[in-house]
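**Student:** Quick mapping for you: the protein sequence lines, in order, are chains A and B. Numbering-wise (my numbering), the first sequence opens with residue 1325 and increments by one. Numbering-wise (my numbering), the second sequence opens with residue 1325 and increments by one. The beta-carbon is built from N, C-alpha and C at its ideal position, and this holds for glycine as well.
Protein chains: 2
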Amino acid sequence: MVQKRQKASSTKLEAVAPKRRGRPRAYQPEVALGKALDLFRSEGFAATSLDDLSAATGMNRPSLYGAFGDKRELYIKSYQRYRADARAAMSDIFRDELPIRKRLERIYAVALDIYLSGDAGPRGCFTVMTAASEAVSDPDIRAMVLEGFSELDKAFAACFRLAKEKGELPETADPVILAQLASATIHTIAIRARARVPRKELEAI
Amino acid sequence: MVQKRQKASSTKLEAVAPKRRGRPRAYQPEVALGKALDLFRSEGFAATSLDDLSAATGMNRPSLYGAFGDKRELYIKSYQRYRADARAAMSDIFRDELPIRKRLERIYAVALDIYLSGDAGPRGCFTVMTAASEAVSDPDIRAMVLEGFSELDKAFAACFRLAKEKGELPETADPVILAQLASATIHTIAIRARARVPRKELEAI
DNA sequence: TGTTTTTTATACTGTTTCGCATAATATGAA
DNA sequence: TTCATATTATGCGAAACAGTATAAAAAACA
């Protein structure tokens, strides 16, 4: 629970005076979490030290613990943040009623933006990275990753189902199988991006 | 170069008396490298310590250094070994002249065997795991990973090209694009295997 | 002004890490 | 036997690591 500055029963909602008691925070939790996510995405869990995180967020270690818990908890919160961001970036695309082809194009374009961003080289898909590393030994993290996969599968399947209803796809097309293929394509792109396959080639796929 | 016991100009080739000078080795390099590979595959580079490697191989640290160099070199040699093993497992399939459908089935079956093996949970594809972790920051490793991807792409493309010549595929089919799709499928399977998606589901894909 | 509360800043602890130096050991050769 | 060589075994040392204890600082409140 990040406990969002509970305003003392004032009239207007949100963005009003914090009116907290002690010394004010020198950081913004949301911003700091974003920085932590950036680091984890480019280095991975094991290769990211608390000192690195401290430097990146501008918070010293005790503050990190106070705000997010230990390293593992911070990783989990970073991952949840990543998923929320990704969902936000995708949701409007899944909402718009475009023809399936156009829609897929836009989905892959957004995915490429996410995967290729980053100062220290492309960062790929955090879900895929986590699956490749922590998901094996940590059951909680594994559960989140599995959920991430199935969320993507389901979103794609919904797209294809809709397209089928609108007659854009033949009757024989199976939305679930098509969705898995579409997810697979997302995954290769994410992985190849990490190996710095140029954007041009990825777009071709 | 692992320098395979150079026999002193004897008659028979291989498997003859080593005739080395000093204290004999207490380990077999090939076996030890296999153990190191196993560990790296299940834990990843950063989470595997030299003590772990020492325990797994039965060699103490100085011997490890003497035989394989530092941790990074050992990782690279392990990866090369992995690729050699995978190539060996696949080569006979790519050699047999089966119909394309049968051939694909066998390829995916072998891939599943490789990805799901391991005592401490499924270990996935080492190329994919390396791409997700070390490939970003280490140019040499990145180059090897890229080579791994293109090797798989090319092998699949060759399959599809052959199938097209034999009339098993329509004229309109593009072997290169089909190969990328087939690789993508391999990659999702590898990733999902790490997240312990059950074999049944993977087979369905 | 002084107290309470919350956060920051510094520093400490015990462990783990990597790489290597040194000594002991086991073999072939002289 | 004795020497040269190649490996093993022990363990050192400096750095990095995760997590925490303690003190200083900054705000609201009384």
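Could you name each continuous alpha helix (DSSP H) segment of 4 residues or more that falls completely within the stretch 1392-1443 of chain A, going from the start of the chain to the end?
**Tutor:** Counting only runs of 4 or more, we get 1395-1419, 1424-1440.
**Student:** CA-CA distance, A:L1470 and B:A1370?
**Tutor:** Cα to Cα, A:L1470 sits roughly 23 angstroms from B:A1370.
**Student:** First and last residue of the alpha helix (DSSP H) that includes A:L1357?
**Tutor:** Residues 1353-1367.
**Student:** Quick check on the burial criterion: 16 or more other C-beta atoms within 10 angstroms. Buried or exposed for A:A1467?
**Tutor:** Classification of A:A1467: exposed, given that the 10 Å Cβ count is below 16.
**Student:** Go to B:K1488, then tell me how far its alpha helix (DSSP H) extends in each direction, as first and last residue.
**Tutor:** That run of the alpha helix (DSSP H) goes 1463-1489.
**Student:** What does B:F1473 reach in chain A if we use C-beta pairs closer than 7 angstroms?
**Tutor:** Within chain A, the residues near B:F1473 are R1516, A1519.
**Student:** When we look at the beta-carbon of A:E1421 and count the other beta-carbons within 10 Å, is it buried (16 or more) or exposed?
**Tutor:** Classification of A:E1421: exposed, given that the 10 Å Cβ count is below 16.
**Student:** Would you mind stating whether B:S1402 and B:L1361 have Cβ atoms separated by less than 8 angstroms?
**Tutor:** Yes, the pair counts as a contact, with Cβ atoms nearer than the cut-off.
**Student:** Between the stretch 1491-1506 of chain A and chain B, which residues of the former have a C-beta closer than 9 angstroms to a C-beta of the latter?
**Tutor:** Listed by position along the chain: I1501, Q1504, L1505.
**Student:** Kindly indicate the opening and closing residues of the alpha helix (DSSP H) around B:S1378.
**Tutor:** From DSSP, the alpha helix (DSSP H) with B:S1378 extends over 1374-1381.
**Student:** Report back the beta-carbon spacing between A:F1480 and A:A1506 to the nearest angstrom; my notes put them in contact at under 8 angstroms.
**Tutor:** Their Cβ separation, rounded to whole angstroms, is 4 angstroms, which keeps A:F1480 and A:A1506 in contact under 8 angstroms.
**Student:** Apart from the five residues just before and just after B:G1368, which ones in its own chain have a Cβ nearer than 8 angstroms to its Cβ?
**Tutor:** If we look at B:G1368 and ignore the five residues flanking it on each side, its Cβ neighbours are M1453, S1457.
**Student:** With a threshold of 8 angstroms between beta carbons, is B:R1466 in contact with chain A?
**Tutor:** B:R1466 counts as touching chain A.
**Student:** Got a sec: is the Cβ-Cβ distance from A:L1470 to anything in chain B below 8 angstroms?
**Tutor:** Yes, A:L1470 counts as interfacial toward chain B.
**Student:** Determine whether the Cβ of B:A1455 lies closer than 8 angstroms to any Cβ atom of chain A.
**Tutor:** Yes, B:A1455 counts as interfacial toward chain A.
**Student:** Do you know how far the Cα of A:F1418 is from the Cα of A:I1424?
**Tutor:** Taking the straight line joining both Cα atoms gives about 10 angstroms.
**Student:** Report the three-state DSSP secondary structure of A:K1328 (helix, strand or coil).
**Tutor:** Residue confidence is low: A:K1328 scores 40 on pLDDT, short of 50, so the model does not pin down where it sits. Its coordinate-derived value is still stated next. Correct three-state label for A:K1328: coil.
**Student:** In angstroms, rounded to a whole number, what distance separates the CA positions of A:T1509 and A:L1476?
**Tutor:** Spanning the two alpha carbons is a distance of roughly 12 angstroms.
**Student:** Whose C-alpha, out of B:E1492, B:R1396, B:C1483, is nearest the C-alpha of B:S1415?
**Tutor:** Of B:E1492, B:R1396, B:C1483, the residue nearest in Cα terms is B:C1483.
**Student:** From what residue to what residue does the alpha helix (DSSP H) around A:L1493 run?
**Tutor:** Per DSSP, A:L1493 belongs to no alpha helix (DSSP H) and is neither H nor E.
**Student:** Is A:A1455 closer than 8 angstroms to B:R1518 when the C-beta atoms are compared?
**Tutor:** Yes, Cβ-Cβ distance for B:R1518 and A:A1455 is below 8 angstroms.
**Student:** Here's the rule: buried if 16 or more other CB atoms are within 10 angstroms of the residue's CB, otherwise exposed. What is A:R1396?
**Tutor:** So A:R1396 ends up on the exposed side.
**Student:** Does DSSP put B:P1386 in a helix, a strand or coil?
**Tutor:** Helix, per DSSP.
**Student:** Should B:A1459 go down as buried or exposed, given a rule of 16 or more other Cβ atoms within 10 Å for buried?
**Tutor:** Buried, since its Cβ has 16 or more Cβ neighbours within 10 Å.
**Student:** Let me see if you follow: with CB-CB separation under 8 angstroms, is A:A1479 close to chain B or not?
**Tutor:** No, because no Cβ of chain B sits closer than 8 angstroms to the Cβ of A:A1479.
**Student:** With B:I1438 and B:A1410 assumed to form a contact (beta carbons below 8 angstroms), what rounded beta-carbon distance in angstroms separates them?
**Tutor:** That pair is a contact at about 6 angstroms.
**Student:** How long is the line joining the alpha carbons of B:Q1330 and B:G1393, rounded to whole angstroms?
**Tutor:** At B:Q1330 the pLDDT is 39, less than 50, meaning the model places this residue with poor confidence; the figure from the coordinates comes in the next sentence. Those two C-alpha atoms are separated by around 21 angstroms.
**Student:** Can you say whether B:V1355 is buried or exposed, counting buried as having 16 or more other CB atoms within 10 angstroms of its CB?
**Tutor:** It counts as exposed.
**Student:** Using a Cβ cut-off of 9 angstroms, which residues of the stretch 1344-1367 of chain B contact any Cβ in chain A, in chain order?
**Tutor:** Listed by position along the chain: S1366, E1367.
**Student:** Alpha carbon to alpha carbon, what distance is there between A:L1436 and A:P1499?
**Tutor:** Straight-line Cα distance between these residues: approximately 23 angstroms.
**Student:** Since B:R1365 and B:F1450 should fall inside the 8 angstroms C-beta cutoff, what is the C-beta to C-beta distance between them, to a whole number of angstroms?
**Tutor:** Yes, they are in contact, since the Cβ atoms of B:R1365 and B:F1450 sit about 5 angstroms apart, within 8 angstroms.
**Student:** Kindly list, in the order they appear in chain A, the residues whose Cβ is closer than 7 angstroms to that of B:A1370.
**Tutor:** Here the neighbours are G1368, A1370, A1371.
**Student:** Mind pulling the chain A residues with CB within less than 7 angstroms of B:A1435?
**Tutor:** Chain A residues near B:A1435: none, gap ~13 angstroms exceeds 7 angstroms.
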